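Here the sequence shown is numbered in this note's numbering, starting from 230 and rising by one per residue. We put the beta carbon where it would ideally sit given N, CA and C, even for glycine. Keep in mind the model is a prediction, meaning the values are calculated, not measured. Report on the structure given below.
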Amino acid sequence: MKFSIISVYNDREVLSEYLLDGIDKQTYSKYETVLINNEKQQYDSASDALNEGARRASGEYLVFIHQDVKLPKSYLSKAVSYLSDIDDLGIAGAAGVRETGKYSAEGVNTIHHGPDHCEWERGTPISEPTEVETLDELLLIIHRDVFDKYKFSPSLCPGWHLYGVEYSMRMKRIGRSVKVLPLDLWHRSDGGWRGWHHDRTLLRLVRHYTEVDCIHTTGGSWPASELYILWRLIYNNVLSYDGLKNITRR
230 MKFSIISVYN DREVLSEYLL DGIDKQTYSK YETVLINNEK QQYDSASDAL
280 NEGARRASGE YLVFIHQDVK LPKSYLSKAV SYLSDIDDLG IAGAAGVRET
330 GKYSAEGVNT IHHGPDHCEW ERGTPISEPT EVETLDELLL IIHRDVFDKY
380 KFSPSLCPGW HLYGVEYSMR MKRIGRSVKV LPLDLWHRSD GGWRGWHHDR
430 TLLRLVRHYT EVDCIHTTGG SWPASELYIL WRLIYNNVLS YDGLKNITRR
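As structure tokens, then:
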């Protein structure tokens, strides 16, 4: 099994310190690295950039990963054993959410994030691949055969948010599984405010996936209501003073 590790980067120092450092120490050797340079903002969206990375890749499994993720040295070798046992896989990841109520969800997996290497506070421990509603974009794994049929969607996700959530929802719609692997890693970012682009994409998903009552993400659970999302856009970016400065916090 060969992995293609695909990452879009805009900071060479971060890329080298985190992603490349972790990759270089992997005990599993069947992988290639496909790096997409976006230092000059050549790409307008993650979907376009990652689709280009997949076009250049030759691996059986495509690993889409953020530049500031550091993988433990055994990550790929352990991922092989888990992925080999999932026959109906649509997409796998490192962190996700499963529904606990109509408008509530819990985090799945215990990863570490932030400069202080803190444990993800929403995460619940798992010991085997676990089905979830959606996955966080920090790390996504898709089999080449699946991706050749279903690429990331620049029309639904024209920016840098929710492309993994959208892909998860698409896989659910066609009856494929969405799994979190029980593997730890370190993501330097600790999330935070995502801006109005996030909400605009959320509105597109609400309009497209009309069968769902709520869109669950690692950043929160959002009622699948156009009025609610429009209210978020107006409140966070017009009515709120902080929104005018684009630093409103949820």
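Unbroken beta strand (DSSP E) stretches of 3 residues or longer found wholly inside the stretch 382 to 428: 406 to 409, given in chain order.
Pairing Ala286 with Val263 gives a Cβ-Cβ distance under 7 angstroms. Annotation for Leu368: the continuous beta strand (DSSP E) segment containing it runs 368 to 372.
Tyr304 sits buried, since 16 or more C-beta atoms from the chains shown fall within 10 Å of its C-beta. DSSP places Trp349 in the coil class of the three-state scheme, outside both helix and strand. The DSSP-derived three-state label of Tyr379 is coil.
Take Asn267, set aside five residues on each side of it, and the residues of its chain with a beta-carbon closer than 7 angstroms to its own are Val237, Tyr238, Asn239, Ala278, in chain order. Secondary structure note for Ala334: its beta strand (DSSP E) is the uninterrupted segment 333 to 337. Going by DSSP, Ala321 is part of the beta strand (DSSP E) stretching over 318 to 322. A contact is defined here as three or more CB-CB pairs under 8 angstroms, and the stretch 316 to 332 fails this definition with respect to the stretch 380 to 391. Look at Lys307 here: in three-state DSSP terms it is helix.
Under a 10 Å Cβ-count criterion, Arg399 is classified as buried, with 16 or more other Cβ atoms of the shown protein chains found around its own Cβ. For Ile444, the enclosing beta strand (DSSP E) covers residues 443 to 446. Using a Cβ distance threshold of 7 angstroms, Gly319 and Ser406 count as a contacting pair.
Under the 10 Å beta carbon count, Gln270 is surrounded by fewer than 16 other beta carbons and is classified as exposed. Between Glu366 and Tyr392 the beta-carbon gap is near 6 angstroms, inside 8 angstroms, which marks them as a contact. If you look at Ser233, you'll find it in the beta strand (DSSP E) that goes 232 to 238.
Under DSSP, Asn266 forms a beta bridge with Tyr238.
Residue pairing by DSSP places Tyr260 opposite Phe232 in a beta bridge.
Distance from Gly325 to Asp419 at the Cβ level is roughly 17 angstroms; contact not present, criterion being Cβ atoms closer than 8 angstroms.
The alpha-carbon separation between Phe232 and Val292 amounts to approximately 7 angstroms. In the three-state scheme derived from DSSP, where H, G and I count as helix and E and B as strand, Gly343 is classed as coil.
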